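**Q** In terms of my numbering, the sequence shown opens at residue 5 and continues consecutively.
By construction, the Cβ of each residue, glycine as well, lies at the ideal position given by its N, Cα and C atoms.
Note that the structure is a prediction, hence the values are computed from the model and not measured.
Quick one: the structure is below, and I'll ask about it shortly.
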Amino acid sequence: MATSAPPAPSHASELGVLPLRPGVGHSFLWRKLHSLSGIVPIGAFLIEHIFSNFEALNGPLAYGQQVKFLNSLPLVRVLEWVFIFIPLAFHALYGVVIAVRGRATVNIYPWAGNWGYLTQRITGLIAFAYIVQHVWRQRFSGVMLPEHPGASFHKVQVELHNPWMLAIYIVAMIATCWHFSYGIWLFAAKWGITPGNRARKRFGYICAAFGSVLCIMGLASIYAFVGNPKYANAPDDAFAPTSPPALTQPAPAVTPPAQ
5 MATSAPPAPS HASELGVLPL RPGVGHSFLW RKLHSLSGIV PIGAFLIEHI FSNFEALNGP
65 LAYGQQVKFL NSLPLVRVLE WVFIFIPLAF HALYGVVIAV RGRATVNIYP WAGNWGYLTQ
125 RITGLIAFAY IVQHVWRQRF SGVMLPEHPG ASFHKVQVEL HNPWMLAIYI VAMIATCWHF
185 SYGIWLFAAK WGITPGNRAR KRFGYICAAF GSVLCIMGLA SIYAFVGNPK YANAPDDAFA
245 PTSPPALTQP APAVTPPAQ
């Protein structure tokens with residue numbers, strides 16, 4: 005009995021990037037918001053966060069001053085929720101929905117686009133799990149850094165002295181930078197910013213270089229907390245005044261009585 009051959013995969017499937025077009029299902033708007041939120045504001049916050057943590061290379065005092073400056077911005081708590089926590093929760097939770105509903109086809113079509121799709125989902129889940137514990141441990145438990153910014157360097161240093169947490173930070177930094185840099189490439193492809201294979205290939209090199217720079221900066225910041233002997237055993241509070249050394253006065257000379 006003759007059987008029909010399976011249809012050949014489309015060129016879009018080979019690239020692994022499907023453009024976002026209106027009228028495709030009911031999740032078009034949510035997917036557009038998900039794609040956009042990964043760039044603004046979450047991506048912008050990630051860049052700021054890595055650059056702020058890079059101040060750790062200058063020591064506990066410089067790092068504490070950076071934390072103090074960020075927490076002194078006007079309406080900082082409103083900005084924190086509106087531009088960080090809420091968009092991050094939406095992007096992460098809807099990303100989990102996409103990952104659960106999606107289907108990896110690398111075993112059938114082992115193309116770079118499909119491997120990128122799978123890796124993007126895996127790194128997204130890693131980043132999500134890491135961010136949840138990181139926000140809880142550094143923002144809402146232990147010493148409250150907004151009120152005690154001078155303790156920020158010591159608090160991170162204590163956490164990274166645990167070898168398991170150090171490994172988690174390193175893996176999460178690599179996964180997050182990959183997820184963001186590849187997400188920029190996907191955003192440009194899906195929104196029609198880079199039409200054509202040639203433009204996408206060139207932009208891919210730019211995204212890879214940008215993500216590598218961010219990752220190196222993040223790993224260097226981790227090294228500043230645990231690997232630089234100059235800042236080992238940082239003080240509990242870098243802003244705490246240090247007691248001046250006691251001054252010793254020479255004993256007064258005693259003139260012997262005249263005979």
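Kindly indicate the opening and closing residues of the alpha helix (DSSP H) around His158.
**A** Ser156 to Leu164
**Q** Counting only the same chain and skipping the five closest in sequence on each side, list residues whose C-beta sits under 6 Å from that of Gly42.
**A** His95 and Gly187
**Q** Pick from Ala176, Lys205 and Ala238: whose alpha carbon is nearest that of His165?
**A** The option with the nearest alpha carbon to His165 is Ala238.
**Q** Flag this pair as yes or no: are the beta carbons of Ala224 and Tyr235 separated by less than 9 Å?
**A** no
**Q** When burial is assigned at 16 or more other CB atoms within 10 Å of the CB, is Ala176 buried or exposed?
**A** buried
**Q** Are Ser145 and Cys181 close, meaning C-beta to C-beta below 9 Å?
**A** no
**Q** Between Trp189 and Ser39, is the Cβ-Cβ spacing less than 9 Å?
**A** no
**Q** Ends of the alpha helix (DSSP H) at Lys234?
**A** Unbroken run through Lys234: none, as it is neither H nor E.
**Q** Round the Cβ separation of Ser156 and Val71 to the nearest angstrom and send it over; I've been treating them as touching at under 8 Å.
**A** 4 Å
**Q** Out of curiosity, what's the CA-to-CA distance linking Ala103 and Met148?
**A** Rounded to the nearest angstrom, the two C-alpha atoms are 34 Å apart.
**Q** Assign Arg152 to one of three DSSP states: helix, strand, or coil.
**A** According to the sequence shown, residue 152 is His rather than Arg. In this structure, His152 counts as coil in the three-state DSSP scheme.
**Q** Is it buried or exposed for Leu79, if we count other Cβ within 10 angstroms and need 16 for buried?
**A** Exposed, because fewer than 16 other Cβ atoms sit within 10 Å of the Cβ of Leu79.
**Q** Under three-state DSSP, which class holds Pro245?
**A** coil
**Q** Please look up how many angstroms separate the CB atoms of Pro150 and Phe87, rounded, as I've assumed it's under 8 Å.
**A** In fact, because the Cβ distance is near 16 Å, the residues do not count as touching under 8 Å.
**Q** Of the choices Lys36, Trp34, Phe32 and Phe58, whose alpha-carbon is the least far from that of Cys219?
**A** Phe58
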